[in-house]
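K.L.:
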């Protein structure tokens, strides 16, 4: 019989409570839906993953704050994944420092100096792309996606995105009827427009009362990214759109450094302009 992951999470929180208190952290375990039940093997793997995420936060904690642990089912590129979440209120990673961490977790760069999020050891033991994060001055959200055999319904309002290809030429050509000439025109146009569109989105996220405009811009960026083969950029834009629709403005703002990094990454993947 499947057993409840929520019971494992509660036991884990109890076991970590003394260490959290010693570091001034208030530890909270999120209430999980009753439907989130796994077989014993998957449940043990999930508990180990949650412990690893918590350990990464505890290793850099000091001086107070909060640590929340949770889990949900994410729909990633059409497949279900068990998403394990650790949210903290520790000082976050600055926007200029985030690209190096993004590249490392994607398997495209060396470990950042100083391991600012405490993920180095965990990342070395996992496939590239299994770990990801959002970070802002007030705290960070780290998640770990695991394969999920059970046919469970996706959780609503789950933060983050799934890993997709940075550039998928075949998807691009399929969307444009296989015409490489048209594809070149569409890409050239998007390269000119996208930086301005991203700047406008960032400005709208900072302006009170501009949420609907920000949603429109995120939706437009999502569609244009996917139409030019930029699947991963489209995934992040979709996460921004969802966060804005659900009035999670801080989360949407925290996605902006990732949008900038994915756009630069996609631009590099397209190759030289005019080529």
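Residue numbers (our numbering): 4 to 278. Don't be surprised by glycine CBs; every beta carbon is placed ideally from N, CA and C. Nothing here was measured: the structure is a model prediction, and the numbers come from that model.
Relative to the alpha-carbon of residue 209, which residue among 33, 75, 76, 247 has its alpha-carbon at the smallest distance?
P.N.:
The residue you call residue 209 lines up with position 206 of the chain shown. Selected option, being the one with the closest Cα: 247.
K.L.:
Any beta carbon from chain D within less than 8 Å of residue 270's own beta carbon?
P.N.:
Of the protein chains in the structure, only one exists, and it is not chain D.
K.L.:
Let me know the secondary structure DSSP gives residue 180 once reduced to three states.
P.N.:
The residue labelled residue 180 in the question sits at position 177 within the chain shown. Coil at residue 180, not helix or strand.
K.L.:
I need the straight-line Cα distance from residue 116 to residue 181, nearest angstrom please.
P.N.:
One-based indexing of the chain shown puts residue 116 at position 113. One-based indexing of the chain shown puts residue 181 at position 178. The straight-line gap from Cα to Cα measures roughly 44 Å.
K.L.:
Could you tell me which residues DSSP puts in a beta bridge with residue 146?
P.N.:
On the chain shown, position 143 is the one that residue 146 refers to. Its beta-bridge partners are 88, 135.
K.L.:
Hey, residue 32 and residue 125 are a contact pair by Cβ (cut 8 Å); roughly how many whole angstroms apart?
P.N.:
Within the chain shown, residue 32 is the residue found at index 29, counting from 1. Within the chain shown, residue 125 is the residue found at index 122, counting from 1. About 20 Å; that fails the 8 Å criterion.
K.L.:
Helix, strand or coil: how does DSSP classify residue 97 here?
P.N.:
Within the chain shown, the letter at position 94 stands for residue 97. Note: residue 97 maps to coil in three-state DSSP.
K.L.:
Based on Cα-Cα distance, which residue from 112, 47, 189 lies nearest to residue 230?
P.N.:
Counted from its first residue, the chain shown places residue 230 at position 227. With distances taken between Cα atoms, residue 230 lies closest to 189.
K.L.:
Between the region 45-55 and the region 9-20, do at least 3 Cβ pairs fall closer than 8 Å?
P.N.:
yes
K.L.:
For the structure I just gave you, are there three or more beta carbon pairs, one from the region 124-141 and one from the region 83-102, closer than 8 Å?
P.N.:
With contact defined as three or more Cβ pairs closer than 8 Å, the region 124-141 and the region 83-102 are in contact.
K.L.:
What three-state label does DSSP hand residue 7 in the structure shown?
P.N.:
Translated into the one-based positions of the chain shown, residue 7 becomes position 4. In this structure, residue 7 counts as strand in the three-state DSSP scheme.
K.L.:
Cutting at 6 Å between CB atoms, please list the residues of its own chain near residue 235, excluding the five before and the five after it.
P.N.:
Reading the chain shown from its first residue, position 232 is the one you call residue 235. If we look at residue 235 and ignore the five residues flanking it on each side, its Cβ neighbours are 167, 169, 265.
K.L.:
Helix, strand or coil for residue 19, going by three-state DSSP, please let me know.
P.N.:
Taking the chain shown and counting its residues from 1, one reaches residue 19 at position 16. Looking at residue 19 - three-state DSSP - the assignment turns out to be helix.
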